[in-house]
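I have placed the structure first, in the form of structure tokens, so that the comments after it can refer back to it.
There are 2 protein chains.
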Amino acid sequence: MKYKVTFLPDNASVDVDANTNLFKASKAAGVYVLSSCGGKGNCGKCKVIVTKGSVESGKSRSFLTREEVERGYILACLSKVTGDLVVEIPPESRMQAKHKIATGAKTEEIIRLMASAGGCLESRIKRVYLELIPPTLDDSISDYERVRRALDQKGLDASHLHMNYLVLKKLAHTLREKDWKVTVSLFSVGEVLEIMDIFPGDAALTRYGAAVDIGTTTVVVYLVDMTNGNILGTASSYNSQVKCGDDVITRIVYATEKNGLQELQDLAVGNVSAMLRELAQKNNVSAGMIDYIVVAGNTTMMHLFYGINPQYIREEPYIPTATFFPLIRGKHVGFRIDPQAVVYSMPNVASYVGGDITAGVLVSQIHKQDAVSLFIDIGTNGEIVLGNKDWLVTAACSAGPAFEGSGIKFGMRAMEGAIEEVEIDPKTFEVNYRVIGDVKPIGICGSGMIDTLAEMYLTGVIDQKGKIREEIGSKRIRKGESGLEYVLAWRVESAINKEIVITEVDLDNLIRAKAAIYAGFATLLAQMEMRFADVDKVFIAGGFGRYIDVERAITIGLLPDLAVEKFVFLGNTSIMGAYYALLCDRLRHEAEEIAKKMTYLELSVSRNFMDEYLSALFLPHTNLEAFPTVKRELEERKQSV
Amino acid sequence: MKYKVTFLPDNASVDVDANTNLFKASKAAGVYVLSSCGGKGNCGKCKVIVTKGSVESGKSRSFLTREEVERGYILACLSKVTGDLVVEIPPESRMQAKHKIATGAKTEEIIRLMASAGGCLESRIKRVYLELIPPTLDDSISDYERVRRALDQKGLDASHLHMNYLVLKKLAHTLREKDWKVTVSLFSVGEVLEIMDIFPGDAALTRYGAAVDIGTTTVVVYLVDMTNGNILGTASSYNSQVKCGDDVITRIVYATEKNGLQELQDLAVGNVSAMLRELAQKNNVSAGMIDYIVVAGNTTMMHLFYGINPQYIREEPYIPTATFFPLIRGKHVGFRIDPQAVVYSMPNVASYVGGDITAGVLVSQIHKQDAVSLFIDIGTNGEIVLGNKDWLVTAACSAGPAFEGSGIKFGMRAMEGAIEEVEIDPKTFEVNYRVIGDVKPIGICGSGMIDTLAEMYLTGVIDQKGKIREEIGSKRIRKGESGLEYVLAWRVESAINKEIVITEVDLDNLIRAKAAIYAGFATLLAQMEMRFADVDKVFIAGGFGRYIDVERAITIGLLPDLAVEKFVFLGNTSIMGAYYALLCDRLRHEAEEIAKKMTYLELSVSRNFMDEYLSALFLPHTNLEAFPTVKRELEERKQSV
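As you go down the protein sequences, you meet chains A and B in turn. All letters in the first sequence, in the order written, are residues 1 to 641 by the working numbering. All letters in the second sequence, in the order written, are residues 642 to 1282 by the working numbering.
Pasting the structure below:
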């Protein structure tokens, strides 16, 4: 028995078998429904409204308010299709089209930064134009040997020449197509010089590459002219894997289920392919001209990208299949746009510190300084690196994606409709907020959460533990279904016909997340017997990092209380580092040295980390002396009241 | 409209469209019908008899005798199916099941020969058993690095370690399958150590290889235990490409037609695969255990095997795509039995001197001798090498496959039913012959042709030019449809209800073939300013070479008139050389040095060759002084008459 399910507002329909899970039906219809847990009934994000027909729904009370239940909300992943349906996806469950994804600095700025890091346009993938001497009876060496001889004459050592099978198959024809004039794309591994591809005529100047950042949440692609380093185009999108789970752990679990790994690989490769194809078309880059693709991502993302089972990343002792992946051809991961392209991934350090962090360190150049710096990437995870030219230590904080909206009732990513700035009047407790896209709000994103937490704390709406102080007597404070909550936006202000609130559960989750990150810093420093005062610079990377207010982040104890000028925002260093490695073999090599040099600290088994974490479960910290600026502001505010 | 065509005696049926070519229908039915030209109507070999139903037949008179036409013979390739048919394939058009294919010497003999050539069991493909230390939190390097470390500890330089994509994908699982005990198969190219495959537990002793000889006419496969060099089994079959043409030129033409290349590749790979699968099953060799396959064949065969367009081999200046082919994986050519196996082909020298000849020289060891030797392979083509430890020259004679039956009215390969020995009574001109399999004859094979030619000449049935001397007045001499002919077997003696004759056209073709080969010898010698007397040894290789009578071959001037003890029969040196290279990397390297060292002489444009050829179009030669033994025998016979 088949039923038809239509999703609004997209008006996308799909025919499914009876009892099909409604979340799966939405995937089959090609419609996005938010989900943090990948459809396991654990996150309560996939709220939809059945407007016609009926479904068989499992228990999902704890995620739905009484009002929502009355209005017909159900969780898609806990519902089965039992008849023809029309389902509305409300705004808060949609992926919004307009969003802010950090795509790195501007071309000129990146080129300048790369040059100052010692970069040059000397990729390990080259193209060489050859004018061969046509064969005669007296000079009848094979086509292969003729190419080798021509390479030798160009001064390239071709004594260990390798030609892959596809090149060999088309060699004879290609050589004769434009009168023995050809262009070969080449790269060397050790002594072996390999011809990757061959083109008729002179194609030495039409060579392109791609830098790719596969984040847990977002994917960014640069199309690069390899002859001059120009970024011809930039594209970005959400990582379509998001529908299989918000964080790496959920994705790993998903990957171990039937066909899950293949699905996840296809989704990520599909994202990159689609963007690359579009960029190539826009820039008249024809097929076969993309020689080299450098991908950066965290270790789990790289396993999924290559279709390698990430299961053991999650199980103690947390072992990845590889940190340094061998070069492979585009076709092996499923790139159809340029199957011969060589794919390289930025070297990873450990299961929870990936190539995106190596790329970030490369861009930050902390590995070349005398002074000790801190590099932090507060993305979906939370990775940190401490070090200088002599040593580097790194750790992952397992902060979780709370600041990306996961586990936060009205949490969402930095998309249109997200509250991104919040101010609370210390006397009236009234709220001023700014929404991305200047529209009615549907939720609250990371920077908005930091602001909210900081403002609530500074104005005394919450105490040091994040508990709402009902006694201050604001009409915005009320009892919700899961305890006390604070109304940020009234129903009439919102786009979803509901109050947007922050609950005590949300506050608790945010404090846990910030505590994990701060404890990470503290543990690395303790490991090196250093103090925050010894840190010269704090480099903040990642899409999230671009939009946070340092002072507010210090207020809640997410960042250490250092002088504001010590903080440097680098933006998306993952894509920038991939770009460096794409164009400059020396910097690619440097990235490998960085990855080898980094000492990884497994925080999940560190007693010191546990202690630091417990101490950090306060605003800003158990030890207020460590946050003199915050202490001062609190005192000032007290006086002014 | 579909029609059913049934082929007898196999009773194999196929449904084909109206107007389907009958030769193609036979291929579709999986039935072999002989053909030298691949179905182009040029050879007259695909004679069949329609016993029921009717066909539309094109002109084929010149290939069919009046009697044959009366008996309902048609040429399959010139006939179209126009209704349901029953078609009989007469014995002379069948591939016989029992045949003689030279499969090389016996195992012990080959191992002894290899040892005397300096061989050892040291293949470049190795297996290493590793017991890894299981990871812990304090030792959490990646699986990849763990394998590298274990290899390093075994004393293998793994600083440039490569793992292919499939190994990487299964790495995590395989390591954990048998408690961190694994076996890796390895090979090195330059500095790079590549892990080809990985197996759970100890599989170091179950490693196998295959040596393969892909001849134009026959295919031979050895399954080899790589640990001790034992040949576990030998298999041989006709090269199924034969139905697309007898000689390399016809196959090249076939390859340039629509899908022809793919068909030819599939046929050869299919032959090898089928035999390998059977040998593996018989010997309980499980999938994945064949690591290495070494293939020898002529240059065209290698192009077809790899699916590389051989078109330019045929067009002046005769350029192959490659003489040295890179290593590729079994799956790329279509081996399903062991897709990960590394395939190596014996290095070729030029378009018409292939890896089978390099293999032959390796086995003959002429490249290590002070004295000058001649190496000849009279197979479908006719390749020769002259040289010693200081130099090697080589040439191909384009003798054509006359001695394999092509262009000879009753010519056939050395299969059951072939006349292989012939004696003619000098007084009565009566014939004594011996047939392979001791059955009634259906045709005559190479050694039978040499005998016939020699006997006819010595007994005066033919003159020096190969013309039949009608005047001797034998009832065996008669006028056939294409001139004079000599009856070898009367109708009642034969298995085909026809007289088996040798015609003046046949005689002419045989003399042209032997002249081409002899002229090749002479040209190479002249090139080096040497004479036959300077030749220390003549090594005769190839399936054909095993069965010829040296004295008779000298009589007709196919071989030079040297002392019989100078001739050494080596048998199938192509498969033996492949076996050497499979097991011993030193000998593999030696073969490459041989191929590089050989100077190729293009005879087709040599004026000297033309002169030598014209001089050799006599029995035994224009210059009888060059054949003192033959001269003496002629004189003795004259006296005894």
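From the three backbone atoms N, C-alpha and C, an ideal C-beta is built for every residue, glycine too.
So with Cβ pairs under 7 Å, would you call residue i a contact of chain B?
i	result
residue 172(A)	yes
residue 322(A)	yes
residue 416(A)	no
residue 169(A)	yes
residue 352(A)	no
residue 107(A)	no
residue 264(A)	no
With distances taken from CA atoms, which of the options is nearest residue i?
i	options	result
residue 1096(B)	1044(B), 1132(B), 1195(B)	1195(B)
residue 495(A)	195(A), 153(A), 90(A)	90(A)
residue 847(B)	914(B), 853(B), 915(B), 770(B)	770(B)
residue 601(A)	561(A), 4(A), 522(A), 43(A)	522(A)
residue 1226(B)	763(B), 1081(B), 794(B)	763(B)
residue 959(B)	925(B), 893(B), 914(B), 928(B)	893(B)
residue 520(A)	616(A), 120(A), 575(A)	616(A)
residue 967(B)	778(B), 957(B), 947(B)	947(B)
For residue i and residue j, what's the separation of their Cα atoms in angstroms?
i	j	result
residue 624(A)	residue 64(A)	38 Å
residue 1268(B)	residue 1191(B)	13 Å
residue 1260(B)	residue 1152(B)	8 Å
residue 1276(B)	residue 1099(B)	10 Å
residue 33(A)	residue 131(A)	56 Å
residue 1285(B)	residue 1024(B)	The structure shown does not extend to residue 1285(B), since chain B is modelled only from 642 through 1282, so no value can be given for it.
residue 125(A)	residue 990(B)	31 Å
residue 1273(B)	residue 1204(B)	14 Å
residue 630(A)	residue 552(A)	9 Å
residue 4(A)	residue 930(B)	51 Å
residue 1183(B)	residue 752(B)	19 Å
residue 187(A)	residue 158(A)	11 Å
Checking 7 Å against the spacing of the C-beta atoms, do residue i and residue j come in under that value?
i	j	result
residue 1076(B)	residue 1065(B)	no
residue 535(A)	residue 372(A)	yes
residue 1021(B)	residue 857(B)	yes
residue 104(A)	residue 571(A)	yes
residue 785(B)	residue 396(A)	no
residue 1198(B)	residue 1159(B)	yes
residue 882(B)	residue 864(B)	no
residue 917(B)	residue 978(B)	yes
residue 448(A)	residue 472(A)	no
residue 714(B)	residue 688(B)	yes
residue 233(A)	residue 282(A)	yes
residue 666(B)	residue 722(B)	yes
residue 296(A)	residue 355(A)	yes
residue 1085(B)	residue 733(B)	no
Kindly indicate if chain A contains any beta-carbon less than 7 Å away from that of residue i.
i	result
residue 832(B)	yes
residue 1246(B)	yes
residue 979(B)	no
residue 806(B)	yes
residue 969(B)	yes
residue 778(B)	yes
residue 950(B)	yes
residue 803(B)	yes
Do the region 323-342 of chain A and the region 572-591 of chain A touch if we need at least three Cβ pairs shorter than 8 Å?
-> no
Decide yes or no for the touch test of the region 497-507 of chain A against the region 406-426 of chain A: beta carbon pairs closer than 8 Å, at least 3 of them.
-> yes
Counting Cβ pairs closer than 8 Å, one from the region 835-842 of chain B and one from the region 817-825 of chain B, do we hit at least three?
-> yes
With contact counted as at least three CB pairs below 8 Å, one residue from each stretch, are the region 188-197 of chain A and the region 161-171 of chain A in contact?
-> yes
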